[in-house]
Amino acid sequence: MKKVLVIAEHLNGQIQDITYELLGKAKELAQGGEVAVLLMGKDMKDAASSLGAADKVLYVDSDALAQFNPQTYFLTAAKAIEEYQPDIVLIGTTSQGMDLAGALSARLKMPLVAYVGALEDGKAVSQLYGGKMNVEVGLSTPYIAAVLAGAFPADKGKADGTPEVVEMAAPDLSGAKVRFKQLIEPEAGDVDITAQDILVSVGRGIQSEDNIPMFEELAQKLGGALACSRPIVDNKWLPKSRQVGKSGLKVKPKVYLAFGISGAPEHIEGMKDSELIIAVNTDAKAPIFDYAHYGVTEDMFDLVPKLMEKL
Amino acid sequence: MNIIVPIKQVPDLVEELEVDSSGKALDKEWLKFRINEFDDHALEEALLLKEDLGGTVTVIALDGDDVDKALYTAAAKGADKLIKVTGVDAELDNHKAAKALASVIKDMDYDLILTGVQAVDDLDGQLPVLLAEYLGLPHIEVVTGVKVDGNVATVQKEFSGGIVGEYEVDLPAVLGIQAARETPRYVPVAKVRRAMRSAEIEEVNATVDDASSALTVERMFKPETGGGAEFLTGSVDEIAAKIVELIKSKI
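Residue numbers (my numbering), protein chains in the order written: chain D, 1 to 311; chain S, 1001 to 1251.
Quick look at the structure:
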């Protein structure tokens, strides 16, 4: 019997899927113990009703928690953990979670295992090296696990029910050195990659910005659009609106053609539900092939011209 | 504006990774190392801020694989000072790495610390927040934009779906950089060689007490590969024909 605490994540007032993914896992890890969710926000108490899979919702209300803030959320979570004394804390490996997990681990001296893709009592598997290597670690409670998005099904964390809501006081947040200013919605791109039937997606393996037009042409010939993985956007070869993955967009096209994408977990998260995935990568052991339906290890620069001839 | 940039070397994932005979660590014999790509972005952002505001950029790294080369490369790009922290083995232990770096950085004069948002071997969590906590500083992770005005930085933090949060943070602070505003600059090898002759690496020994990640690595193993994909074989022409057929069957 364990006490498991899930740190809820919300953005624009919406509880994020990762919260349900963690909640489902928390129920399994609790083994009949107690599952609590820590919900921090402003006027968000009603959202507790959407967390029916939990036994308890620890709710902290403050103006300083109205939007995610790396410092106020951290200080509040640290206080809640000290008061609640969970055996296991589950946090998402997300933009928000990455500001909390390590800081909580250092402050509270609780071990932290990150990039968790599998978790059972006393054992976690962390996906490292861009998904090319798994590391199994032994764990004794109390500990914090930062879990990859999509590692566990969200369905198991969704249930009707009315968990008990326990209001907790926020710590003194008046001197916070980090202040939230505003949320900026993404600029609408020229193309909405989430609305395409066919995506041609390119990654680091295309080597040069000069090769972008060739893939753009292929996408057009197929009647689809060009998308990409994160390094392409970081290099400014394509705009952010074309990025598939954790910090980009989730896509579910009928056909996803991946060129030179190795398949880091952050990318997989954004495309793994595509109906047909064909991956082209000269590295036969690239993780993308675990998720692709069909794989090709030929040189893409030989293959693409042939493809275009046939279209 | 004095900026510190902690960097680290990581295995180049272009190479095949193998597990060593202990079954718990990477076989390093054939590995190539390169700078953590996000650290490269952090360095770029630091150099751009220096170009805008003046000041210095100090690059600091724990001693390790090919670290001198990474430091000299940073100097060739424009870093003013290079520090190598010796005496600490922090493999798969960012808690320990952060403590060692903090023990050296705490006595330095700085306004801002920029480092990569994450690295491919962050078993026990990402470095920026650990370092911030050990230095008693505020932190922001997943940063894609930094503007500094006096002792306040305005920072853009990326959430999922391309939504960005804008924050103000009092300096000094630690920022985990996802992407610099420009592509990290390239330096020719000749310039790195010149830096090796002219730049100096200051070595500082650090002692870190035992407190570290507190994780026990039981085993390291490759995930099942090729499990999902059926590989298309034959001539390039045949493969192209098959792909076209597959696509046409879906639309």
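We put the beta carbon where it would ideally sit given N, CA and C, even for glycine.
Where does residue i fall in DSSP's three states?
{"i": "Tyr-1186 (chain S)", "result": "coil"}
{"i": "Ile-1239 (chain S)", "result": "helix"}
{"i": "Lys-250 (chain D)", "result": "coil"}
{"i": "Gln-16 (chain D)", "result": "coil"}
{"i": "Thr-1207 (chain S)", "result": "coil"}
{"i": "Pro-86 (chain D)", "result": "coil"}
{"i": "Lys-177 (chain D)", "result": "coil"}
{"i": "Gln-243 (chain D)", "result": "strand"}
{"i": "Gly-1116 (chain S)", "result": "strand"}
{"i": "Gln-67 (chain D)", "result": "coil"}
{"i": "Lys-123 (chain D)", "result": "strand"}
{"i": "Glu-167 (chain D)", "result": "strand"}
{"i": "Ala-103 (chain D)", "result": "helix"}
{"i": "Leu-311 (chain D)", "result": "coil"}
{"i": "Leu-108 (chain D)", "result": "helix"}
{"i": "Thr-72 (chain D)", "result": "helix"}
{"i": "Glu-29 (chain D)", "result": "A quick correction: the sequence has Leu, not Glu, at residue 29 (chain D). Of the three classes helix, strand and coil, the one that applies to Leu-29 (chain D) here is helix, per DSSP."}
{"i": "Gly-138 (chain D)", "result": "strand"}
{"i": "Asn-235 (chain D)", "result": "coil"}
{"i": "Ala-1195 (chain S)", "result": "helix"}
{"i": "Gly-41 (chain D)", "result": "strand"}
{"i": "Asp-283 (chain D)", "result": "coil"}
{"i": "Leu-128 (chain D)", "result": "strand"}
{"i": "Phe-289 (chain D)", "result": "helix"}
{"i": "Lys-56 (chain D)", "result": "strand"}
{"i": "Ala-188 (chain D)", "result": "coil"}
{"i": "Met-1001 (chain S)", "result": "coil"}
{"i": "Ala-80 (chain D)", "result": "helix"}
{"i": "Gly-161 (chain D)", "result": "coil"}
{"i": "Ala-258 (chain D)", "result": "strand"}
What does the Cβ neighbour count give for residue i, buried or exposed, with the cut at 16 atoms within 10 Å?
{"i": "Thr-1207 (chain S)", "result": "exposed"}
{"i": "Arg-1197 (chain S)", "result": "exposed"}
{"i": "Phe-301 (chain D)", "result": "exposed"}
{"i": "Asp-99 (chain D)", "result": "buried"}
{"i": "Val-113 (chain D)", "result": "buried"}
{"i": "Asn-69 (chain D)", "result": "buried"}
{"i": "Asp-46 (chain D)", "result": "exposed"}
{"i": "Gly-260 (chain D)", "result": "buried"}
{"i": "Arg-1193 (chain S)", "result": "exposed"}
{"i": "Lys-272 (chain D)", "result": "buried"}
{"i": "Asn-208 (chain D)", "result": "Residue identity check: residue 208 (chain D) is Ser in the sequence provided, not Asn. Counting Cβ neighbours within 10 Å, Ser-208 (chain D) comes out exposed, since fewer than 16 surround it."}
{"i": "Ser-262 (chain D)", "result": "buried"}
{"i": "Pro-1172 (chain S)", "result": "buried"}
{"i": "Lys-123 (chain D)", "result": "exposed"}
{"i": "Ser-126 (chain D)", "result": "buried"}
If we ignore side chains and look at the alpha-carbon of each, how far apart do residue i and residue j end up?
{"i": "Val-35 (chain D)", "j": "Lys-25 (chain D)", "result": "10 angstroms"}
{"i": "Val-1256 (chain S)", "j": "Glu-1202 (chain S)", "result": "Outside the displayed range of chain S (1001 to 1251) lies residue 1256 (chain S), so it cannot be described from this structure."}
{"i": "Lys-1248 (chain S)", "j": "Ala-146 (chain D)", "result": "41 angstroms"}
{"i": "Pro-186 (chain D)", "j": "Lys-177 (chain D)", "result": "26 angstroms"}
{"i": "His-1095 (chain S)", "j": "Gly-131 (chain D)", "result": "22 angstroms"}
{"i": "Pro-171 (chain D)", "j": "Phe-1221 (chain S)", "result": "43 angstroms"}
{"i": "Leu-1053 (chain S)", "j": "Ile-1007 (chain S)", "result": "22 angstroms"}
{"i": "Gly-1234 (chain S)", "j": "Leu-1082 (chain S)", "result": "52 angstroms"}
{"i": "Thr-72 (chain D)", "j": "Asn-281 (chain D)", "result": "43 angstroms"}
{"i": "Ala-1119 (chain S)", "j": "Gly-223 (chain D)", "result": "37 angstroms"}
{"i": "Gln-31 (chain D)", "j": "Lys-3 (chain D)", "result": "9 angstroms"}
{"i": "Ala-1090 (chain S)", "j": "Leu-1215 (chain S)", "result": "13 angstroms"}
{"i": "Glu-1141 (chain S)", "j": "Val-1085 (chain S)", "result": "24 angstroms"}
{"i": "His-10 (chain D)", "j": "Val-166 (chain D)", "result": "19 angstroms"}
{"i": "Ala-219 (chain D)", "j": "Val-200 (chain D)", "result": "6 angstroms"}
{"i": "Val-1057 (chain S)", "j": "Phe-1038 (chain S)", "result": "16 angstroms"}
{"i": "Gly-41 (chain D)", "j": "Leu-1127 (chain S)", "result": "27 angstroms"}
{"i": "Asp-1122 (chain S)", "j": "Met-1108 (chain S)", "result": "26 angstroms"}
{"i": "Ile-88 (chain D)", "j": "Leu-29 (chain D)", "result": "8 angstroms"}
{"i": "Ala-1000 (chain S)", "j": "Leu-1071 (chain S)", "result": "Nothing about residue 1000 (chain S) can be reported from this structure: the residues present for chain S run from 1001 to 1251 only."}
{"i": "Arg-242 (chain D)", "j": "Val-1204 (chain S)", "result": "44 angstroms"}
In the DSSP output, which residue or residues are listed as bridge partners for residue i?
{"i": "Ala-145 (chain D)", "result": "D:Leu-90 and D:Val-113"}
{"i": "Tyr-294 (chain D)", "result": "D:Ile-278 and S:Glu-1230"}
{"i": "Thr-1216 (chain S)", "result": "D:Gly-138"}
{"i": "His-318 (chain D)", "result": "Past the edges of chain D, shown from 1 to 311, lies residue 318 (chain D), and the structure says nothing about it."}
{"i": "Leu-5 (chain D)", "result": "D:Ala-36 and D:Val-89"}
{"i": "Val-182 (chain D)", "result": "Looking at the sequence shown, residue 182 (chain D) is not Val but Gln. In DSSP, Gln-182 (chain D) forms a bridge with S:Glu-1166."}
{"i": "Gln-1009 (chain S)", "result": "S:Ile-1035"}
For the ligand NAP, I want to know if residue i counts as a neighbour, meaning its beta carbon is within less than 7 angstroms of at least one of the ligand's heavy atoms.
{"i": "Leu-1092 (chain S)", "result": "Summarising the ligand content, the structure contains no ligands, and the ligand NAP is consequently not present."}
Taking Cβ-Cβ distances shorter than 8 angstroms, what residues in chain B pair up with residue i?
{"i": "Pro-1188 (chain S)", "result": "As a matter of chain content, chain B is missing from the structure shown, whose protein chains are D and S."}
Unbroken stretches of the alpha helix (DSSP H), 4 residues or longer, contained in the segment 1119–1172 of chain S
The DSSP assignment places complete alpha helix (DSSP H) segments of no fewer than 4 residues inside the segment 1119–1172 of chain S at 1127–1135, in order along the chain.
Secondary structure, beta strand (DSSP E): runs of 3+ residues fully inside the segment 1026–1107 of chain S
Runs of beta strand (DSSP E) with 3 or more residues, each lying fully within the segment 1026–1107 of chain S, are found at 1033–1035, 1056–1062 and 1081–1086, listed in chain order.
Enumerated in chain order, which unbroken segments of the beta strand (DSSP E) with a length of 3 residues or greater are wholly contained in the segment 191–240 of chain D?
Secondary structure in the segment 191–240 of chain D: the beta strand (DSSP E) runs of 3 residues or longer, each lying completely within the stretch, are 198–202 and 225–228 in chain order.
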